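Chemist: These protein sequence lines are chains A and B, in that order.
Using the working numbering, the first residue of the first sequence is number 111, and each one after it goes up by one.
Using the working numbering, the first residue of the second sequence is number 260, and each one after it goes up by one.
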Amino acid sequence: MAAVPSGATGAVERSLAGSGRDWRGLVFQVLLLGALLLTLVVLITLLVDQFTRGLPVFVDRGTDFLTSGLSSNPEKAGVGQGIVGTLLTGVLVALLCFPLGILTALYLEEYAPDNRLTRLITINIRNLAGVPSIVYGLLGLTVFVAVFASLGFPNSGRNIMAGALTLTALILPIVIITSAEAIRAVPQSLREGGYGVGASRWQVTSRLVLPAARPGILTGTILALARALGETAPLLLAGAILGTFSTSGSLNDLLTGPYTVLPMTVYDWSRKPQEEFRQLTSAAIIVLLVITLFFNALAIFLRNRYQKQW
Amino acid sequence: MTIDTDASDITLDLHALGETAESEIASLPAAINIRDVSVYYGHFRAVKDVSVDIPRQRITAFIGPSGCGKSTLLRSINRMNDLIPSARVEGEILYHGENLYASYVDPVEVRRRIGMVFQKPNPFPKSIYDNVAFGPRVLGYKGNMDELVEASLRRAAIWDEVKDKLKQSGLALSGGQQQRLCIARAIATEPDLILMDEPASALDPRSTLQIEELMAELKQNYTIIIVTHNMQQAARASDYTVFLTMDDDRAGYVVERDVTMNIFTRPKNRLTEDYVSGRFG
């Protein structure tokens, strides 16, 4: 092999070596890392603060705190009522919201003609998703609570059903939008394959499109539900008070009587003057965080469980 | 000229057909008669005044440059264009003498009888078994499903490769296998016509050859229409060829149709000659 002239090698070497460090790139990278750390610092400060104050409550009282009802005595007060209320609300909202939201999304994506009216409806659903939650609280008060009251329900209609309906109205637009996006992401070739073997629209929708969109729909709806369960403002208006649930064991009493939810408990305790309630507030926040985290984990689990590629 | 279903020597058969005049094709029993068909997307006319008879139990190729409307024409035969809201078909497409666009015709029933294989293999995200069984199930098939699935997979020449993994996802197969699975899926509903929209364009040469061999097998029982960009494929695999091109208004029309041999060796029209010899398109 012939020797390469040293001058040529030098030029290649210099050009390959580049022009030293890319300082601008480095500054940008540091900036990005800084943004991430700032977010993390806020979150971690919050968590550390709440946990250091809240954890002693669990250590001292154990499960007693989780099962006890509301009380003005900080020694006896617990989040039992709040947990029951939050879980019951979750079930009610899920039962109302999932079918309604998914059916609406299916109609908009698979059945509705693509015309001006459909587009107008879609835009408005998107706008509804951005309406502040307190506005939904007003809706809950003036419509749902008022209707229950006029139907002669006890407690002036301020029951958990009115609360659940309010939260349903709040997250329905989000459920519709995320479901519609999941349905839209199903490739057209899958639908064509179904029609190609003589399937009807209903069969293509129910047997191909819906199963293919399932991971996206589940993720979106469960995250929306988790958001609903963390809401306080709309329920303040829709009648969640620190009433205690009926202990008669009758479902009817449970649904029509006074109710509360975990965020309401947090809100109420944080306003109490006694220093002991500071700790209880933090402990209740931890419980609320655990519930929210559980739903997020469930969403991720279901998405991975049903993940399908095409 | 009678149909020779015992195509033991296809090449010889083609040579014999090559000697026949275009009018001879018309005397063959037709599976589909396309009469004065125009297809519109909104105001745009994609295909204009096409009249072609598709001979039964033969392979007919639609060839032509990109955008000449050959896929559009193919998709109007099983009313797949109905899925596009702005699409509209004028004229008649006769199937056993019945106009597929008559008001009483249910497009779902049309697609049951006229199967389709798409350009990109599109198996359902289901098991191999369920892919094949999907069509019969939605149509309420009451017979022995295991037998039907096996028979369909055998006819699509993929049974030996998948018989031990029928429960596996159809998406785990290779591209060529996926396309043969899609052919098995189309066969399972027992259509008598199969439309293939560039079925091998996404496949490697070996898989392409397998698909072409499979088509030669299938034409004993089915009428096949294939859209292809690949002129060698049209020359190798088809008995009849319809050449389309587009006019100045971008609407596709039929320039020439004949026995494949004639189209490629002695085309009557200058446009056909230019296209098949690779001078344009």
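Where is the CB? At the ideal position from N, CA and C, for every residue including glycine.
Fair warning: this is a prediction, and the values are worked out from it, not measured in the lab.
Can you pull out the residues from the segment 209–238 of chain A whose beta carbon lies closer than 8 Å to at least one beta carbon of chain B?
Modeler: Within the segment 209–238 of chain A, the residues whose Cβ lies closer than 8 Å to some Cβ of chain B are PRO223, ASP224, listed in chain order.
Chemist: Could you tell me the boundaries of the alpha helix (DSSP H) in which VAL400(A) lies?
Modeler: For the purposes of this step, residue 400(A) is identified with residue 290 of the first sequence, where counting begins at 1. Segment 386–415, the alpha helix (DSSP H) holding VAL400(A).
Chemist: Residues of the segment 325–345 of chain B with a CB closer than 8 Å to any CB of chain A: list them in chain order, please.
Modeler: Against chain A - using a Cβ distance shorter than 8 Å - the residues of the segment 325–345 of chain B are ASN337, MET339, LEU342, PRO344.
Chemist: When you compare only the Cα positions, how much space is there between LEU359(B) and VAL518(B)?
Modeler: Taking the second sequence and counting its residues from 1, the one referred to as residue 359(B) is at position 100. Taking the second sequence and counting its residues from 1, the one referred to as residue 518(B) is at position 259. Using only the alpha carbons, I get a separation of about 26 Å.
Chemist: Alpha carbon to alpha carbon, what distance is there between ALA392(B) and VAL408(B)?
Modeler: Within the second sequence, residue 408(B) is the residue found at index 149, counting from 1. Within the second sequence, residue 392(B) is the residue found at index 133, counting from 1. Whole-angstrom Cα-Cα distance: 6 Å.
Chemist: Can you tell me whether ILE269(B) is helix, strand or coil according to DSSP?
Modeler: Reading the second sequence from its first residue, position 10 is the one you call residue 269(B). Summary for ILE269(B): the model assigns pLDDT 42, below 50, so the residue's position carries little reliability; its value from the coordinates is reported in the next sentence. In this structure, ILE269(B) counts as helix in the three-state DSSP scheme.
Chemist: Along the segment 434–447 of chain B, where does the CB come closer than 8 Å to a CB of chain A? Name the residues.
Modeler: For the segment 434–447 of chain B, which is checked against every Cβ of chain A, the residues closer than 8 Å are CYS441, ARG444, ALA445, ALA447.
Chemist: So, using beta-carbon positions, are ALA346(B) and ASN337(B) closer together than 7 Å?
Modeler: As a first step, residue 346(B) is located in the second sequence; it is residue number 87 there, counting from the start. As a first step, residue 337(B) is located in the second sequence; it is residue number 78 there, counting from the start. Contact flag unset, no.
Chemist: If you compare alpha carbons, which of ASP508(B), ASP507(B), TYR499(B) is closest to GLU515(B)?
Modeler: Here residue 515(B) refers to the residue found at position 256 when the second sequence is read from its first residue. Closest option to GLU515(B), Cα to Cα, is TYR499(B).
Chemist: Run down chain A in chain order and give the residues with a C-beta less than 7 Å from the C-beta of MET375(B).
Modeler: To locate residue 375(B), count along the second sequence from 1; it is residue 116. Ordered by position in chain A, the residues that pass the 7 Å Cβ test against MET375(B) are GLY306.
Chemist: Using 10 angstroms around the beta-carbon of LEU205(A), count the other beta-carbons present and answer buried if the total reaches 16, otherwise exposed.
Modeler: Residue 205(A) sits at position 95 when you count from the first residue of the first sequence. Looking at its Cβ environment, which holds fewer than 16 other Cβ atoms inside 10 Å, LEU205(A) is exposed.
Chemist: Pick helix, strand or coil for PHE263(A), following the three-state DSSP scheme.
Modeler: For the purposes of this step, residue 263(A) is identified with residue 153 of the first sequence, where counting begins at 1. PHE263(A) falls in the coil class under three-state DSSP.
Chemist: How would you label ILE286(A), buried or exposed, when you count the other beta carbons within 10 angstroms and need 16 or more for buried?
Modeler: Taking the first sequence and counting its residues from 1, the one referred to as residue 286(A) is at position 176. It counts as buried.
Chemist: Since GLU302(A) meets chain B, which of its residues come closer than 9 Å, beta carbon to beta carbon?
Modeler: Position 192 of the first sequence holds residue 302(A). In chain order: MET339, LEU342, MET375, PHE377, ASN381.
Chemist: In terms of residue numbering, what span does the beta strand (DSSP E) encompassing SER297(B) cover?
Modeler: Stepping through the second sequence from its first residue, residue 297(B) is reached at position 38. Where SER297(B) is concerned, the enclosing beta strand (DSSP E) stretches over 289–300.
Chemist: On the CB-based measure, 16 or more other CB atoms within 10 Å of its CB, does VAL167(A) come out buried or exposed?
Modeler: As a first step, residue 167(A) is located in the first sequence; it is residue number 57 there, counting from the start. Counting Cβ neighbours within 10 Å, VAL167(A) comes out buried, since at least 16 surround it.
Chemist: In chain order, what residues of the same chain have a beta carbon less than 7 Å from the beta carbon of LEU390(A), not counting five sequence neighbours either side?
Modeler: Along the first sequence, read from residue 1 onward, the residue named residue 390(A) stands at position 280. Contacts found: VAL167, PRO184, ALA187, TRP379.
Chemist: Please report the straight-line C-alpha distance between ASP174(A) and SER299(A), rounded to a whole angstrom.
Modeler: Position 64 of the first sequence, counting from 1, holds the residue named residue 174(A). Position 189 of the first sequence, counting from 1, holds the residue named residue 299(A). Taking the straight line joining both Cα atoms gives about 56 Å.
Chemist: Do you know whose CA, among ILE483(B), VAL376(B), THR467(B), GLU532(B), lies nearest LEU440(B)'s CA?
Modeler: Here residue 440(B) is taken as the residue at index 181 of the second sequence, counted from 1. Per the Cα distances, VAL376(B).
Chemist: Give the interface partners of GLN160(A) over in chain B, defined as CB-CB distance under 8 Å, in chain order.
Modeler: Counting from 1 along the first sequence, the entry for residue 160(A) is found at position 50. None at all; the shortest Cβ gap to chain B is about 43 Å.
Chemist: Measuring alpha carbon to alpha carbon, tell me which of ARG304(B), MET455(B), SER497(B), MET474(B) ends up nearest ILE522(B).
Modeler: For the purposes of this step, residue 522(B) is taken as residue 263 along the second sequence, with counting starting at 1. Closest by alpha carbon: SER497(B).
Chemist: What residue range does the beta strand (DSSP E) around ARG304(B) cover?
Modeler: Locating residue 304(B) in the second sequence gives position 45, counting from the first residue. Run containing ARG304(B): 303–314, per the beta strand (DSSP E) assignment.
Chemist: With DSSP collapsed to three states, give me the class of ALA320(B).
Modeler: Start at 1 with the first residue of the second sequence, and residue 320(B) comes out as number 61. Three-state DSSP puts ALA320(B) in a strand.
Chemist: Can you pull the chain B residues whose beta carbon is under 7 Å from the beta carbon of ALA309(A), in chain order?
Modeler: For the purposes of this step, residue 309(A) is identified with residue 199 of the first sequence, where counting begins at 1. Neighbours of ALA309(A) on chain B, chain order: VAL397.
Chemist: I want to know whether the segment 234–246 of chain A touches the segment 256–266 of chain A - three or more CB-CB distances under 8 Å.
Modeler: At 8 Å Cβ cutoff, the stretches do not touch.
Chemist: How far does the alpha helix (DSSP H) with ALA496(B) in it extend, from its first residue to its last?
Modeler: Along the second sequence, read from residue 1 onward, the residue named residue 496(B) stands at position 237. First-last of the alpha helix (DSSP H) with ALA496(B): 490–496.
Chemist: Looking at the structure shown, is GLU409(B) part of a helix, part of a strand, or coil, going by DSSP?
Modeler: Locating residue 409(B) in the second sequence gives position 150, counting from the first residue. Reduced to three states, the DSSP call for GLU409(B) is helix.
Chemist: Is PHE523(B) helix, strand or coil by DSSP?
Modeler: Looking up residue 523(B) in the second sequence gives position 264. Three-state DSSP puts PHE523(B) in a helix.
Chemist: Strictly under 7 Å for the Cβ-Cβ distance: is ASP268(B) near chain A by that measure?
Modeler: Your numbering for residue 268(B) matches position 9 in the second sequence. Any reading at ASP268(B) needs caution, since the residue's pLDDT is 42, under 50, leaving its predicted position unreliable; the model's value is listed next. It does not: the Cβ of ASP268(B) has no partner Cβ on chain A nearer than 7 Å.
Chemist: Per DSSP, what kind of secondary structure is ASN228(A) in: helix, strand or coil?
Modeler: Against the first sequence, residue 228(A) aligns to sequence position 118. Per the sequence presented here, residue 228(A) reads as Thr, with Asn not at that position. Helix, per DSSP.
Chemist: Please list the partners that ARG414(B) has in chain A, where partner means a Cβ-to-Cβ separation under 8 Å.
Modeler: As a first step, residue 414(B) must be located in the second sequence, where it is residue number 155. None at all; the shortest Cβ gap to chain A is about 15 Å.
Chemist: Using a Cβ-Cβ cut-off of 6 Å (strictly less than) and excluding sequence neighbours within five positions of SER466(B), which residues of its own chain qualify?
Modeler: Stepping through the second sequence from its first residue, residue 466(B) is reached at position 207. Only GLY435 meet the Cβ criterion.
Chemist: Touching or not, the segment 421–430 of chain B and the segment 381–395 of chain B, by the rule of three or more beta carbon pairs under 8 Å?
Modeler: Segments in contact, yes.
Chemist: Is ILE522(B) a contact residue of the ligand NAD, with contact defined as CB to any heavy atom under 6 Å?
Modeler: With respect to small molecules bound, the structure shown includes none, and the ligand NAD cannot be examined in it.
Chemist: State the beta-bridge partners of PHE502(B) as determined by DSSP.
Modeler: On the second sequence, position 243 is the one that residue 502(B) refers to. DSSP, once it has assigned bridges, lists ILE322(B), GLU515(B) as partnering PHE502(B).
Chemist: Whole angstroms are fine: how far does the CA of PRO380(B) sit from the CA of PHE502(B)?
Modeler: For the purposes of this step, residue 502(B) is taken as residue 243 along the second sequence, with counting starting at 1. For the purposes of this step, residue 380(B) is taken as residue 121 along the second sequence, with counting starting at 1. Approximately 25 Å between the Cα atoms of the pair.
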